[in-house]
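Read in the UniProt record's numbering, the sequence shown has 23 at position 23, and its numbers run on one by one without any break.
Here a beta-carbon is modelled for each residue, glycine too, at the ideal position from N, C-alpha and C.
The structure displayed is predicted, hence computed values, not measured ones.
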Amino acid sequence: MACSFHYFCRSKPKILKRIFLFLLCLYSLQNFSQTKRINILSAEISTVDEDKFPGATILIGNVKIAHEGATLDCKRALLYKERNEFQAVGEVVVEQGDSIIQYSDFANYYGNTKIAKSWGNVEVVDKDMKLSTDTLYFHRKEQFLYYPTKGVIRDTKNTLTSNTGTYFLNEKKFSAKSEVTVVNPDNKLESDHLDYYTNTNLAYIYGPSTVTNLKDSTRIYAERGFFDTNTDISYFVQNAKLYLKEKTIQADSLYYDKRKGFASANHKIKVVDTLQNLIIKGNYAEVFELKDSLFIVDKPVAISVMDKDSMYVHGDTILVTGEPEKRIVRTFHNVKIFKSNLQGKCDSIHTSQVTGLTRMFNSPVLWSGKNQITGDSIQFLSNKETNKLDSLFVYNDAFMIQKDSIDPTNFNQIKGRNMYGKFKNNDLSLMLIKGNAESLYYNRNEESLKLETITKEIASDIEFTLENNEIIQTKYFKKTEGKTFPPSEFPEEEKKFKGFIWREDEQPKTMEDIFIKDNKKPVLKKSKKVNKDVQKAKMDFNKETIKKEKNKPREGFGLKRE
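Here it is as structure tokens:
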């Protein structure tokens with residue numbers, strides 16, 4: 001059978017050619033029959049002028065034509081029957097059933113492609129919107145309108161403008177990619193590319209876009225997302241930024257309900273407080289605009305700019321509350337602090353922008369240079385004008401430890417009831433141990449660094465001066481007893497004061513270390529009552545530092561007596 005067909009094809013080429021031509025003609029006739037002709041429904045005058053308008057029928061006065069469910073009315077027209085085209089002039093009205101009415105000064109209609117081109121004061125009206133432009137293309141097969149010149153769309157909620165645009169009739173969707181604006185009494189949306197649905201008033205953005213609240217100038221920027229103009233709810237997922245008064249919030253994704261004043265952000269969050277020189281980062285945040293507060297979790301870190309340095313504070317949760325002048329920053333659980341010359345750790349931390357006071361709770365520890373400082377509660381005060389560290393307060397069981405520079409098994413130690421410190425250029429410069437003060441230090445030869453003596457002192461108060469985080473001078477007040485030992489005679493059991501804990505393994509040595517979770521849990525001591533009167537503490541400290549004592553300063557950590 002296959003061989004017979006092959007022979008037939010080779011021996012009968014003329015027959016095959018005739019069959020092909022027949023099928024082509026049959027297809028063309030079928031296709032032509034499916035293209036319906038433009039019908040004239042009415043006209044006051046119908047004439048021809050082959051010299052001026054060859055092949056055209058001239059229609060004048062109350063002209064009306066019909067084509068596949070649409071009608072066109074105008075004052076004058078030319079109908080080209082062979083081309084199945086219609087040219088209309090003067091008060092042109094195009095109607096498609098009860099779905100759309102279009103008005104213009106001029107229009108051309110192409111029956112074979114079902115495309116209408118209108119220009120001159122073009123207006124399109126359906127039940128959901130009104131479109132105004134200068135030039136418009138109506139694609140009836142695909143049911144969309146396209147305008148290459150500036151257009152304005154008005155619906156029950158918004159006014160839209162763009163340089164070019166497309167309106168899809170079935171979807172009630174307006175799509176534009178050039179200088180698009182959506183405006184209502186509350187908001188203004190500006191975009192390079194968006195889709196807007198006139199029946200729901202929803203906008204979907206696909207390019208750089210900004211939503212501005214016209215009442216309080218709140219702004220949202222994003223490059224992809226969704227905005228509901230009915231509820232003022234937005235959700236953006238690319239380069240999203242929310243501008244709230246003095247705060248800027250940016251994240252990979254951002255949900256914002258303007259009316260409730262609530263926002264939530266996800267992944268790579270950065271909150272910038274320009275008024276307080278504060279930056280907060282994390283991976284999930286909720287913002288309460290009306291209460292001027294936010295909380296942030298998932299590796300949160302608060303960054304305070306201090307002079308040319310920055311302080312990083314990390315915990316499981318960071319909570320910011322209050323107006324800028326009354327702002328409070330709280331960090332909860334597993335808190336770590338890193339600054340180039342100051343590190344710390346505690347369970348929770350509280351910072352008040354009103355007083356500039358930061359308080360550390362539950363087994364707090366600070367490292368300043370080579371010094372480890374502990375106590376029931378540690379507080380440090382910042383100068384609100386310069387944003388530099390001003391004072392340090394350690395309440396109840398204050399303890400300061402410094403590892404010996406040569407022998408890591410020996411530790412210089414100072415302890416007492418409370419400790420007060422002064423900062424200079426963000427470095428500790430002066431410390432006062434007040435109440436039941438004790439000290440133990442290892443004295444080494446300045447040149448050979450050989451250990452010469454070990455001194456243990458007990459006094460009412462101890463003051464010492466620091467330079468480059470090193471103790472250079474010590475002063476004792478109301479000394480009660482003290483003794484200097486040769487190294488070989490110093491009792492082994494007195495090498496460490498009661499309550500001694502060396503916590504170097506918990507110290508964050510770099511900024512990245514603040515995110516490391518320690519294996520061991522801190523020993524939480526039951527805190528005694530903390531003195532909250534910071535001003536009184538500062539006054540006591542200043543009085544002690546300027547008070548002239550009869551006792552001369554005694555030698556410090558390895559330094560000679562004055």
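Next item on the list: Taking only heavy atoms of the ligand PLP into account, decide whether any of them is closer than 7 Å to the Cβ of residue 103.
Entry: This structure lacks the ligand PLP, and indeed carries no ligand of any kind.
Check: Along the chain, which unbroken stretches of the beta strand (DSSP E) at least 3 residues long are found entirely within the stretch 36-64?
Finding: Listed in chain order, they are 39-42 and 45-47.
Note to self: Buried or exposed for residue 435, going by 16 or more other Cβ atoms inside 10 Å?
What the structure shows: Exposed, because fewer than 16 other Cβ atoms sit within 10 Å of the Cβ of residue 435.
Notebook entry, point to check: Are residue 62 and residue 91 closer than 8 Å when you measure CB to CB?
Noted result: No, Cβ-Cβ distance for residue 62 and residue 91 is not below 8 Å.
Next item on the list: Output the distance between the C-alpha atoms of residue 49 and residue 79, rounded to the nearest integer angstrom.
Entry: Taking the straight line from one Cα to the other gives about 12 Å.
Checklist line | Secondary structure of residue 363, DSSP reduced to three states | finding: DSSP places residue 363 in coil when its eight states are reduced to three.
Margin query: According to DSSP, simplified to helix, strand and coil, what is residue 349?
Written below: Strand.
Notebook entry, point to check: Where do the N-terminal and C-terminal ends of the beta strand (DSSP E) with residue 252 fall, by residue?
Noted result: Unbroken run through residue 252: none, as it is neither H nor E.
Next item on the list: Would you tell me roughly how many angstroms separate the C-alpha atoms of residue 545 and residue 289, rounded to the nearest one?
Entry: Unreliable positioning characterises residue 545 in this predicted model, as indicated by a pLDDT of 40, which lies under 50. The coordinate reading is nonetheless provided below. Looking at the two C-alpha atoms, the distance is approximately 46 Å.
Margin query: Using only CA atoms, which one of 315, 332, 310 and 53 lies nearest to residue 516?
Written below: Across the set 315, 332, 310 and 53, the C-alpha of 315 shows the shortest separation from the C-alpha of residue 516.
Margin query: Quick check: what's the CA-CA separation for residue 261 versus residue 245?
Written below: Looking at the two C-alpha atoms, the distance is approximately 13 Å.
Item checked: Local conformation of residue 370 per DSSP, three classes -> Residue 370: coil per DSSP, three-state reduction.
Next item on the list: Let me know the secondary structure DSSP gives residue 433 once reduced to three states.
Entry: In the three-state DSSP reduction, residue 433 falls in the strand class (E or B).
Next item on the list: Spatial neighbours of residue 533 within its chain, please: CB distance less than 6 Å, with the 5 preceding and 5 following residues excluded, ordered by chain position.
Entry: Since pLDDT at residue 533 reaches only 42, below the 50 mark, its modelled position is unreliable, and the value read off the structure follows with that caveat. Hits under 6 Å: none found.
Notebook entry, point to check: Starting from residue 275 and walking both ways along the beta strand (DSSP E), at which residues does that stretch end?
Noted result: From DSSP, residue 275 is part of no beta strand (DSSP E); its letter is neither H nor E.
Next item on the list: Just grab the DSSP bridge partners of residue 415 for me.
Entry: BP columns for residue 415 point to 399 and 438.
Check: When burial is assigned at 16 or more other CB atoms within 10 Å of the CB, is residue 411 buried or exposed?
Finding: By the Cβ neighbour-count rule, residue 411 is buried, with 16 or more other Cβ atoms within 10 Å of its own.
Checklist line | Span separating the alpha-carbon of residue 311 from that of residue 449 | finding: C-alpha separation (whole angstroms): 35 Å.
Item checked: residue 304, DSSP secondary structure in three states -> The answer is strand: DSSP assigns residue 304 an E or B state.
Notebook entry, point to check: Based on the DSSP output, what are the partners of residue 102 in its beta bridges?
Noted result: In the DSSP secondary-structure assignment, residue 102 is bridged to 94 and 124.
Margin query: Since residue 210 and residue 224 should fall inside the 8 Å C-beta cutoff, what is the C-beta to C-beta distance between them, to a whole number of angstroms?
Written below: Going by Cβ atoms, the distance from residue 210 to residue 224 rounds to 13 Å, so no, they are not a contact pair.
Note to self: Between the stretch 245-255 and the stretch 196-214, can you find at least three pairs of beta-carbon atoms closer than 8 Å?
What the structure shows: Taking 8 Å as the limit for Cβ pairs, the verdict is that the stretch 245-255 does not touch the stretch 196-214.
Note to self: Short of 6 Å in beta carbon distance, which residues of its chain neighbour residue 330, apart from the five on each side in sequence? Order them along the chain.
What the structure shows: For residue 330, the CB contacts under 6 Å within the same chain, skipping 5 residues up- and downstream, are 319 and 350 in chain order.
Notebook entry, point to check: Between the stretch 450-462 and the stretch 425-439, do at least 3 Cβ pairs fall closer than 8 Å?
Noted result: Look at the beta carbons and you see the stretch 450-462 touching the stretch 425-439: at least three pairs across the two are nearer than 8 Å.
Notebook entry, point to check: At which residues does the beta strand (DSSP E) containing residue 169 begin and terminate?
Noted result: It is not in any beta strand (DSSP E) - residue 169 carries neither H nor E in the DSSP assignment.
Check: In three-state DSSP terms, what is residue 505?
Finding: In this structure, residue 505 counts as helix in the three-state DSSP scheme.
Notebook entry, point to check: Smallest Cα separation from residue 473: which of 487, 495, 489 and 443?
Noted result: Closest by alpha carbon: 443.
Note to self: For residue 482, report the span of its beta strand (DSSP E) as first-last.
What the structure shows: Boundaries of the beta strand (DSSP E) harbouring residue 482: 470-485, taken from the DSSP string.
Next item on the list: Counting only the same chain and skipping the five closest in sequence on each side, list residues whose C-beta sits under 6 Å from that of residue 102.
Entry: If we look at residue 102 and ignore the five residues flanking it on each side, its Cβ neighbours are 94 and 124.
Notebook entry, point to check: When burial is assigned at 16 or more other CB atoms within 10 Å of the CB, is residue 216 buried or exposed?
Noted result: Exposed, because fewer than 16 other Cβ atoms sit within 10 Å of the Cβ of residue 216.
Check: Given residue 110, which residues of its chain have a CB within under 6 Å of its CB, disregarding the five upstream and five downstream residues?
Finding: Scanning its chain for C-beta atoms nearer than 6 Å, with the 5 sequence neighbours on each side dropped, one finds around residue 110 the residues 85, in chain order.
Next item on the list: Please say whether residue 287 and residue 326 have beta carbons closer to each other than 8 Å?
Entry: Not a contact, by the Cβ cut-off of 8 Å.
Next item on the list: Quickly, what does DSSP pair residue 328 with across the bridge? List them, please.
Entry: Bridge partners of residue 328: 321 and 352.
Notebook entry, point to check: Per DSSP, what kind of secondary structure is residue 490 in: helix, strand or coil?
Noted result: Residue 490: coil per DSSP, three-state reduction.
Next item on the list: Excluding the 5 residues preceding and the 5 following residue 243 in the sequence, name in chain order all residues of the same chain whose CB lies nearer than 7 Å to its CB.
Entry: Take residue 243, set aside five residues on each side of it, and the residues of its chain with a beta-carbon closer than 7 Å to its own are 218 and 219, in chain order.
Notebook entry, point to check: Buried or exposed: residue 67, going by 16 or more other Cβ atoms within 10 Å of its Cβ?
Noted result: Residue 67 sits buried, since 16 or more C-beta atoms from the chains shown fall within 10 Å of its C-beta.
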